[in-house]
Amino acid sequence: MEMEDQMESQKRRGISKEDLISERTGSLGCIGWFIVILSGIFTLSLFPITIWFCLKIVQEYERAVIFRLGRITDRKAKGPGIFFILPCTDSFVKVDLRTVSFDIPPQEILTKDSVTVCVDGVVYFRVNDPIASVANVSNADFATRLLAQTTLRNVLGTKNLAEVLSDREGIAHSMQSSLDEATDNWGIKVERVEIKDVKLPVQLQRAMAAEAEAAREARAKVIAAEGEMNASRALKEASLVIAESPSALQLRYLQTLNTIAAEKNSTIIFPLPMDVMSHFMRK
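Residues 22 to 304 in the working numbering are what the sequence shown lists, from first letter to last.
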């Protein structure tokens with residue numbers, strides 16, 4: 022029996038999705054066909070009345086998965102438009118094909134470097150296979166929401182804080198690939214995943230702000246030192262030029278007087294040449 026079970030499982034691994042659907046849409050059996058024929062005769066005998074129970078309409082964005090005596094009747098969902106069912110043996114489930122978006126509730130996650138952060142996001146998905154979304158999972162929408170929360174925790178648990186803050190696009194792409202692969206058997210296509218917000222603890226925010234402020238102050242001091250160095254070099258070159266031409270110093274005096282006179286103050290300045298002062302200092 023174990024060997025037979027193993028062989029059966031291997032066979033099932035090799036079959037395609039169409040074969041699985043064909044197994045679900047197999048023969049109804051003698052009793053099933055007998056009930057279907059009775060339902061058809063009953064429908065024809067009461068045709069003017071039963072026509073309102075047989076005709077159904079689905080919208081352009083909807084598809085109908087029909088069950089006949091508990092079995093899916095076709096490999097393809099019905100719709101959009103009008104379709105026909107037997108009132109006694111058939112039932113159908115409407116599936117919405119429009120893109121659905123939902124918010125991932127804020128999740129408290131411990132990153133790879135042992136930092137607790139609170140992260141939320143948004144997921145966009147749609148039903149790609151109506152039959153699989155009805156036959157393979159009880160509630161595809163609810164299952165996708167729960168899987169998105171666990172996937173967010175699993176993906177962010179492998180990232181450190183710097184990667185969580187800087188590589189949101191990569192995290193969203195990784196989540197989309199994982200969700201799309203996991204929900205493929207449910208007939209769900211995950212179109213997009215986005216990380217909305219990353220909330221840090223207050224103490225960590227203060228520490229990061231202090232670190233950033235210290236880094237800015239260090240850069241400001243380096244820039245000021247470089248400016249002083251460049252200014253001293255320029256002054257040195259200017260002093261060499263003035264030393265070569267003594268008359269340039271007198272012109273500089275006149276420019277300084279012009280600048281002071283433009284400010285409309287009552288201060289009077291009499292410039293004295295440095296050589297005159299040096300003459301008195303020698304005596």
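Note that beta-carbon positions come from the ideal geometry of N, C-alpha and C, so glycine has one too.
All values reported here derive from a predicted model rather than from experimental measurement.
**Request:** For residue 60, name the three-state secondary structure that DSSP assigns.
**Result:** DSSP, read as helix, strand or coil, puts residue 60 in helix.
**Message:** So if DSSP puts residue 137 in a beta bridge, which residue, or which two residues, is it bridged to?
**Reply:** Within the DSSP secondary-structure output, residue 137 pairs in a beta bridge with 131.
**Asked** Nearest-angstrom Cα distance between residue 99 and residue 112?
**Response** When rounded, the distance between both Cα atoms is 12 Å.
**Request:** May I have the straight-line CA-CA distance separating residue 238 from residue 163, to the nearest angstrom?
**Result:** Approximately 51 Å, taken between the alpha carbons.
**Request:** Look at the alpha carbon of residue 215 and the alpha carbon of residue 132, and state the distance between them as a whole number of angstroms.
**Result:** The alpha-carbon atoms of residue 215 and residue 132 are separated by roughly 18 Å.
**Request:** Return the bridge partner residues of residue 87 from the DSSP annotation.
**Result:** Beta-bridge pairing links residue 87 to 113.
**Item:** residue 259 to residue 269 span [Cα, whole Å]
**Value:** A direct Cα-Cα distance of roughly 10 Å separates residue 259 from residue 269.
**Asked** Short check: CB of residue 204 to CB of residue 165, under 8 Å?
**Response** The Cβ atoms of residue 204 and residue 165 lie closer than 8 Å to each other.
**Asked** If you run the structure through DSSP and keep just helix, strand and coil, what is residue 180?
**Response** Judged by DSSP in its simplified three-state form, residue 180 adopts coil rather than helix or strand.
**For residue 99, the residue or residues it bridges with in DSSP** = According to DSSP, which records beta bridges pairwise, residue 99 is partnered with 85.
**Asked** With distances taken from CA atoms, which of 144, 191, 160 and 253 is nearest residue 201?
**Response** The residue among 144, 191, 160 and 253 with its C-alpha nearest the C-alpha of residue 201 is 144.
**Item:** Inter-residue Cα distance where the pair is residue 266 and residue 251
**Value:** Whole-angstrom Cα-Cα distance: 23 Å.
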